[in-house]
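Residues 1 to 212 in the numbering used here are what the sequence shown spells out, letter by letter. Here a beta-carbon is modelled for each residue, glycine too, at the ideal position from N, C-alpha and C. Before any comments, here is the structure.
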Amino acid sequence: MIVTLQGRIVDIQDTYVVLDVNGIGFEVNVTSSVLRNLPPIGDDFLVYTYLQVREDAMVLYGFSSWDERRLFQQITSVTGIGPKTGLGILSAVTPIEFVRAVEQRQLEVLTRIPGIGKKTAERLVLELKDKFKGTSWEGEEEEEMMPIAPGGILQDAEDALIALGYSAGEAEYMVQTAHAILGDTNDLQELLKLALSSNMKQRGDRVWRRNE
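Structure below.
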């Protein structure tokens, strides 16, 4: 398996680069992050690679980091996701952005990626959601400091409340009220518990006022 290549850049195109490694030219299909960070033609460059062996060809894919390469392998392990789609995903979002979208079931983030529809996004979440536990990713500390995006844990909480019989409007109000008190959190159970207890208290207050 070829996992890295270092050589002189002899050609740069929209989706690939050609590296001269000891007189042998390698065409490497690369992510947009690789293209953004390329030095001028003629300079040496190191790229992290994955070799796909097919019946009719051997294709090299290149990445800007070990994280990109590792995530590419996980993405392409999903049913129906090929290397071109995997490369497209990593060209649209960073590894930590993708991991966060999968873990928090942010389908609206995934479906904004070119070529990813709702069914494909759901399949990515279903097959990858448990594969990132215990792993660390570059930029994770900075990402954790960012507020939780709409459609993540807040949407999960709303969906859970709707499943309990609350209307969509009630669920949204309960979750937003709890979120305002609790702040950003990754603990779904804690968020639901506060949403339910706050709602019960408000209902009790309304009943008490009516009986005054």
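From which residue to which residue does the alpha helix (DSSP H) around residue 98 run? Here the question's residue 98 lines up with position 98 in the sequence shown. Residue 98 -> alpha helix (DSSP H) spans 95-103.
Answer yes or no: do residue 156 and residue 188 have a C-beta to C-beta separation smaller than 7 Å? What you label residue 156 is simply residue 156 of the sequence shown in a count that begins at 1. What you label residue 188 is simply residue 188 of the sequence shown in a count that begins at 1. In contact: residue 156 and residue 188 (Cβ atoms closer than 7 Å).
Contacting residues, own chain, Cβ-Cβ under 6 Å from residue 86 (five flanking each side not counted): For the purposes of this step, residue 86 is taken as the residue at position 86 of the sequence shown. Cβ within range, chain order: 72, 75 and 76.
Element boundaries [beta strand (DSSP E), containing residue 269]: There is simply no residue 269 to check, as the chain begins at 1 and stops at 212 in what is shown.
With DSSP as the reference, label residue 2 as helix, strand or coil. As a first step, residue 2 must be located in the sequence shown, where it is residue number 2. Residue state, collapsed to three classes: coil.
On a Cα-Cα basis, can you pick out the residue from 29, 9 and 105 that is closest to residue 22? Translated into the one-based positions of the sequence shown, residue 22 becomes position 22. If we check each option's Cα against that of residue 22, 9 comes out closest.
Heavy atom of the ligand ZN within 6 Å of residue 163 beta-carbon: Here there are no bound small molecules, and the ligand ZN is not part of this structure.
Among the residues of its own chain, which have a CB less than 6 Å from the CB of residue 59, if the five just before and after it don't count? Numbered from 1 along the sequence shown, position 59 holds the residue referred to as residue 59. Answer for residue 59: 52, listed in chain order.
DSSP state of residue 7 mapped onto helix, strand, coil: Position 7 of the sequence shown, counting from 1, holds the residue named residue 7. Residue 7: strand per DSSP, three-state reduction.
Contact set for residue 81: own chain, Cβ-Cβ below 7 Å, skip 5 residues either direction: The sequence position of residue 81 within the sequence shown is 81, counting from 1. Excluding sequence neighbours, residue 81 sits near 75.
Taking its Cβ as the centre, do 16 or more other Cβ atoms sit within 10 Å of residue 69, making it buried, or is it exposed? Residue mapping note: residue 69 aligns to position 69 of the sequence shown, counting from 1. Buried is the call here.
Could you pull the start and end residues of the beta strand (DSSP E) that residue 20 belongs to? What you label residue 20 is simply residue 20 of the sequence shown in a count that begins at 1. Its beta strand (DSSP E) spans residues 16-21.
Tell me which residue opens and which closes the beta strand (DSSP E) that residue 38 is part of. The residue you call residue 38 lines up with position 38 of the sequence shown. Residue 38 -> no beta strand (DSSP E), and no H or E assigned at all.
Does the separation of the CB atoms of residue 96 and residue 113 fall below 7 Å? Position 96 of the sequence shown, counted from the start, is the residue given in the question as residue 96. Position 113 of the sequence shown, counted from the start, is the residue given in the question as residue 113. Taking 7 Å as the Cβ cut-off, residue 96 and residue 113 do not qualify as a contacting pair.
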